[in-house]
Amino acid sequence: MGKSVLVTGYSKVPAKTSAADIYSVMGICMEIDVESGYILEADCTLVTELSKNYVIGLLKGENINDIAALEEKFRKGYQGSAKKALVTGMKICHDRYLKALQNRKALEEETI
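Below is the structure:
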């Protein structure tokens, strides 16, 4: 198995935002190192490149296992109208990461 896992999280975009004009949901995608929990790469469906790059900068290099610290970074740093949708998507990514770890462990046990 690879040393990373790709997880996604989607949540509803607030009405009357530029993102809502283009997307009905906000998506966050993360590549996470399965051994350490560090976010290797990230992307999201924000409209402007600056917003996308800012969110990627908040996520990349951080540890998904410290979800409270990540949430705090978003609450303090990101002041856009999609903040709640981004935090929700990030939490969904965290849940999917934990499920992916469980699935990997089960697969490894089957091969033993």
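Residue numbers (the UniProt record's numbering): 1 to 112. The beta-carbon is built from N, C-alpha and C at its ideal position, and this holds for glycine as well. Keep in mind the model is a prediction, meaning the values are calculated, not measured.
Environment of residue i [buried if 16+ CB atoms lie within 10 Å]
{"i": "alanine 82", "result": "buried"}
{"i": "threonine 48", "result": "exposed"}
{"i": "isoleucine 39", "result": "buried"}
{"i": "leucine 107", "result": "exposed"}
{"i": "glycine 77", "result": "exposed"}
{"i": "isoleucine 22", "result": "exposed"}
{"i": "glycine 27", "result": "buried"}
{"i": "glycine 9", "result": "buried"}
Residues near residue i in its chain [Cβ-Cβ closer than 7 Å; skip 5 each side]
{"i": "valine 7", "result": "Met30, Ile32, Cys93, Arg96, Tyr97 and Ala100"}
{"i": "lysine 12", "result": "Val25 and Ala85"}
Residue span of the beta strand (DSSP E) that contains residue i, given as start and end
{"i": "tyrosine 10", "result": "4-12"}
{"i": "valine 25", "result": "25-33"}
Cβ shell of residue i (< 6 Å), same chain only, five flanking positions each side left out
{"i": "alanine 42", "result": "Met30, Ile56, Leu59 and Lys60"}
Chain-order list of residues whose beta-carbon lies under 8 Å from that of residue i (same chain, five-residue window excluded)
{"i": "glutamate 71", "result": "Val87, Met90 and Lys91"}
For residue i, the first and last residue of its enclosing alpha helix (DSSP H)
{"i": "isoleucine 67", "result": "67-77"}
Three-state secondary structure assigned by DSSP to residue i
{"i": "alanine 42", "result": "strand"}
Touch test, the segment 29-39 against the segment 47-54, Cβ-Cβ under 8 Å, three pairs minimum | Because the criterion of three Cβ pairs below 8 Å is not met, the segment 29-39 and the segment 47-54 do not touch.
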